[in-house]
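Asker: Pasting a structure below so you can have a look.
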Amino acid sequence: MTTLKNQQTIGERPGYVPKILQFGTGNFLRAFLGPMVEALNAQTGFAGSLVMVKATDSPSRAYEALLAQDGLYHLWIRGLQAGQQVDRLQLIKCVDRVIHPYTAFAEFLALATVHSIEFVVSNTTEAGIQFEAEDWPENGPARQFPGKLTQLLYARFRHFSGDPNSGWTILPCELIEDNGQALLACVLRYAEHWRLGEDFQAWLLMANHFCDTLVDRIVPGFPHQELATAEARIGYPDRQVVVAEPYSLWAIKAPEVVRSKLPLDQLNLNVQFTNDLDRYRTLKVRILNGAHTAMVPIGLRNGYETVGEFVRSEEGVRFVEELLYDEILPTLPQAGPEKQAYARTVLDRFRNPYLQHRLADIALNSIAKFRTRLWPSLQYWLEHNEQAPPRLLQAFTALLLLYRGDTIPLQDEPAHLAYFADSWSRIASGGAPDDLVGYAVGSEEVSTRYPQFMAQVYQALQPGGASLLTVVEKG
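To convert, take the position in the sequence shown, counting from 1, and add 53; that gives the numbering used here.
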């Protein structure tokens, strides 16, 4: 087979200039942003490429594979769209290069001087947008993504002498509320902490657009079990194939100038420029993402590997339906028909037989995900009834048990992993789980504010309790 290389596979790269800086080399953005840039280039005069930046310093086979393939990869769209079966492979060729800021810091910082770059898109998970106090990193990247972005913006501010036309449009895809404003707040905090000057802070606010956005697409990622099928159809090896469903939504709150420079809403891509993100965000985060996060610890601790496998089981689909219709939808402000219709769509998307969406992949950073996706629904019931309903209780206690670390190798913030390891060690020696519960939901007051909930958790964590360890049986 021919190796997947630019010269061997597609000939000379199209004459595009870098216009988008992408923070994160993971599955989601490659399946979400990549095809949008391809559509812009094919259907408009955009003529732009994107530069990928590795967001962390952890080892990554994905990063190494992207380097080996010159940034090329295939997107495999599989599922139903408007009642029709879709099974399509698309070569994504808009990646200009892939940069590792920890090993090529000078090249990373030089991105600030590239005049043609206008946009920054990021997906560093819910845990990625945070401030961490550290000294100004003179010879390397900041530890957190907002710090790295501040380094680039400051370098750009200095290189272009504060030109108000040199700013960037920044479109974070992290699933936190008001993500653009949260990112801006972090950048301003870094600017203050590093004493980068009032002129720079004024330029940040005047010359740059930090846009709130919401994304929605199920991306199972690498087709572990069907790679041979994909490569046979492609005709050569591709170790960065990424699978996604046909459905896609990007809701963006941005000024008109952004819409004119990035006309994605004109390309039948379901990109919506709107002033009301709450309508989209609440449904998506609490229903689709909430169901994902709930089924992860329960499915994994019962031997299920994928979302589809879980919801195609009798007990699994009952769990998800009861969770959604009985416990999550009543907590949402939308009208009944709207949220019920979205829930039905989500269940159909979960059942997509082509998507092998691995529960272990969704488990990444589950603590931050739980706090954003499920804790608001759970807290609603605690405020109104003082007790947790059964499915949310099962999901929460199963999450605590998952973070005991004996089910799968956990991938989360080192501080989270260390805290849970220490807490479970104390519990094994007879300690109470009060602090563990408060830490998991991000509230130190939970044990005193919701005593009945704490009693439920105590009982559920006992052998044979309500954690669903014996309620859903595989096979």
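Cβ coordinates follow ideal geometry from the N, Cα and C atoms, glycine included.
Could you tell me which residues DSSP pairs with ARG141 in its beta bridges?
Answerer: ARG141 pairs with ILE130.
Asker: Kindly confirm or deny that the region 380 to 388 and the region 431 to 443 touch, where touching means at least three C-beta pairs closer than 8 Å.
Answerer: At 8 Å Cβ cutoff, the stretches touch.
Asker: For ALA118, collect the residues of the same chain with a Cβ closer than 6 Å to its Cβ; drop the 5 residues on either side in sequence, then sort them by chain order.
Answerer: If we look at ALA118 and ignore the five residues flanking it on each side, its Cβ neighbours are ARG292, GLN293.
Asker: Under three-state DSSP, which class holds ARG114?
Answerer: Here ARG114 sits in helix by DSSP.
Asker: For the candidate residues GLU284, HIS262, THR501, whose alpha-carbon lies nearest to that of VAL174?
Answerer: Taking only the C-alpha atoms, the option nearest VAL174 is HIS262.
Asker: Between which two residues does the alpha helix (DSSP H) containing THR425 stretch?
Answerer: Element bounds for THR425: 419 to 426.
Asker: Tell me the residue span of the beta strand (DSSP E) that contains LYS201.
Answerer: Where LYS201 is concerned, there is no enclosing beta strand (DSSP E), although the alpha helix (DSSP H) it sits in stretches over 198 to 212.
Asker: Rounded to a whole number of angstroms, what is the C-alpha to C-alpha distance between ALA307 and LYS72?
Answerer: Each residue's Cα considered, the two are about 18 Å apart.
Asker: With a threshold of 7 Å on Cβ separation, who are the neighbours of ASP488 within its own chain once the five nearest residues in sequence on each side are excluded?
Answerer: So the list reads SER476, once near-sequence residues are dropped.
Asker: Find the nearest neighbour of GLU309 within the set LYS107, PHE326, VAL296, judged by alpha-carbon distance.
Answerer: Per the Cα distances, PHE326.
Asker: Please state the DSSP three-state secondary structure of GLN325.
Answerer: In this structure, GLN325 counts as strand in the three-state DSSP scheme.
Asker: If we call anything under 8 Å between Cβ atoms a contact, is ARG402 one with TYR300?
Answerer: Going by C-beta atoms, ARG402 is nearer than 8 Å to TYR300.
Asker: So, LEU353 versus ALA394, is the Cβ gap smaller than 8 Å?
Answerer: Not a contact, by the Cβ cut-off of 8 Å.
Asker: DSSP three-state label for PRO467, please.
Answerer: Looking at PRO467 - three-state DSSP - the assignment turns out to be helix.
Asker: Enumerate in chain order the residues of its own chain whose CB-to-CB distance from PRO421 is below 6 Å, with the five nearest sequence positions on each side excluded.
Answerer: What sits at residue 421 in the sequence shown is Ala, not Pro. Hits under 6 Å: GLU179, ALA180.
Asker: Take HIS529 and list the residues in its own chain whose beta-carbon comes closer than 7 Å to its own, dropping the five residues that flank it on each side.
Answerer: Residue numbering for the chain in the displayed model covers 54 to 528; residue 529 lies beyond these limits and cannot be assessed.
Asker: Once the 5 residues before and after GLN515 are set aside, which same chain residues still bring their CB inside 6 Å of it?
Answerer: Cβ within range, chain order: n/a, list empty.
Asker: How far does the beta strand (DSSP E) with THR450 in it reach, from first residue to last?
Answerer: It is not in any beta strand (DSSP E) - THR450 instead sits in the alpha helix (DSSP H) that spans 443 to 455.
Asker: Which residue's Cα is closest to the Cα of ARG332: TRP303, GLU91, ASP149, THR359?
Answerer: Ranking the options by Cα distance to ARG332, first place goes to TRP303.
Asker: Can the beta-carbon of ARG334 be found closer than 8 Å to that of LEU427?
Answerer: No, the Cβ-Cβ distance between ARG334 and LEU427 is not below 8 Å.
Asker: For MET89, does the count of other Cβ atoms within 10 angstroms reach 16, so buried, or fall short, so exposed?
Answerer: MET89 should be labelled buried.
Asker: Assign VAL349 to one of two classes, buried (16 or more other C-beta atoms within 10 Å of its C-beta) or exposed (fewer than that).
Answerer: Flag for VAL349 reads buried.
Asker: Between the region 212 to 227 and the region 113 to 130, do at least 3 Cβ pairs fall closer than 8 Å?
Answerer: The region 212 to 227, when compared against the region 113 to 130, does not touch it at the 8 Å Cβ threshold.
Asker: Confirm, please, whether the CB-CB distance from ARG196 to ALA165 is below 8 Å.
Answerer: Not in contact: ALA165 and ARG196 (Cβ atoms no closer than 8 Å).
Asker: Name the DSSP bridge partner or partners of ARG150?
Answerer: Bridge partners of ARG150: VAL104.
Asker: Cutting at 6 Å between CB atoms, please list the residues of its own chain near LYS110, excluding the five before and the five after it.
Answerer: Correcting the residue identity first, residue 110 is Asp in this sequence and not Lys. Excluding sequence neighbours, ASP110 sits near TYR155.
Asker: At 3 residues or longer, what runs of the beta strand (DSSP E) sit wholly inside the region 292 to 336?
Answerer: Listed in chain order, they are 295 to 297, 302 to 306, 324 to 326.
Asker: For a test of your reading of the model: does the CB of ALA481 fall under 7 Å from any non-hydrogen atom of the ligand FMN? Yes or no.
Answerer: By its list of ligands, the structure shown contains no ligand whatsoever, and the ligand FMN lies outside what it can speak to.
Asker: Take the Cβ of VAL70 as the centre, count every other Cβ of all protein chains shown within 10 Å, and call the residue buried at 16 or more, exposed below.
Answerer: Label assigned to VAL70: exposed.
Asker: Tell me the DSSP bridge mates of ASP265?
Answerer: Looking at the DSSP assignment, ASP265 forms a beta bridge with LYS306.
Asker: Using a Cβ-Cβ cut-off of 6 Å (strictly less than) and excluding sequence neighbours within five positions of SER45, which residues of its own chain qualify?
Answerer: Past the boundaries of the shown model lies residue 45; the chain is included only from 54 to 528, so the question cannot be answered.
Asker: Starting from LEU74, trace the alpha helix (DSSP H) both ways and give me its first and last residue.
Answerer: Premise fails: LEU74 lies in the beta strand (DSSP E), 70 to 76, not in any alpha helix (DSSP H).
Asker: Which same chain residues end up closer than 8 Å to ARG83 when comparing Cβ atoms and leaving out the 5 residues on each side of it in sequence?
Answerer: Excluding positions up to five away in sequence, the list reads TYR126, LEU128, ILE145, GLN293, VAL295.
Asker: Have a look at HIS153, GLY200, LEU205 and flag the residue whose alpha-carbon is nearest the alpha-carbon of GLU171.
Answerer: Residue LEU205 is the option with its Cα nearest to GLU171.
Asker: Taking the straight line between their C-alpha atoms, what separation do you get for TYR243 and ALA92?
Answerer: About 36 Å.
Asker: Measure the Cβ-Cβ separation of HIS410 and ILE271 and say whether it is below 8 Å.
Answerer: Their beta carbons are under 8 Å apart, which means HIS410 touches ILE271 by this criterion.
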